[in-house]
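Colleague: Here the sequence shown is numbered in the UniProt record's numbering, starting from 1 and rising by one per residue.
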Amino acid sequence: MPTITKIYTMEEASEHNTKDDCWVVIDGKVYDVSSYLDEHPGGDDVLLRATGKDATDEFEDAGHSKTARELMEQYCIGNLIKRHLLFQSWRLYPRSKISRAFHRKS
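Here it is, written out as structure tokens:
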């Protein structure tokens, strides 16, 4: 049975920007690093500054090791979807009452 991957928008991910609730977006994936902040070798402020945007460039520039890249996978909670792709996908399916209500709130 395939696993279901949660999908987030950048707006959703950027709402999680505190020490108690910190999400970062790297390479199209969303990571909840809240429990890792105190352990991060670069300090928690590096991760907190990475919220609310795509932090892929900063992550790559830091020269993370293969071990660090493997470690971060345990914090992955889903994938990022670009807002324009979300709206394009709505055109492929009939709109339900729920999707119409969501569209009005956006």
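Note that beta-carbon positions come from the ideal geometry of N, C-alpha and C, so glycine has one too.
Where does the unbroken alpha helix (DSSP H) through V46 begin, and where does it stop?
Modeller: Residues 44-49.
Colleague: How far does the beta strand (DSSP E) with L37 in it reach, from first residue to last?
Modeller: Premise fails: L37 is in no beta strand (DSSP E) and is neither H nor E.
Colleague: When the Cα atoms are used, what is the spatial distance from C22 to T51?
Modeller: Their backbone Cα atoms lie some 7 Å apart in a straight line.
Colleague: Under 8 Å, do A62 and G42 count as touching if we go by C-beta distance?
Modeller: Against a cut-off of 8 Å, the Cβ pair of G42 and A62 comes out as a contact.
Colleague: DSSP state of T18, grouped into three classes?
Modeller: In the structure shown, T18 sits in a strand (DSSP, three-state: E or B).
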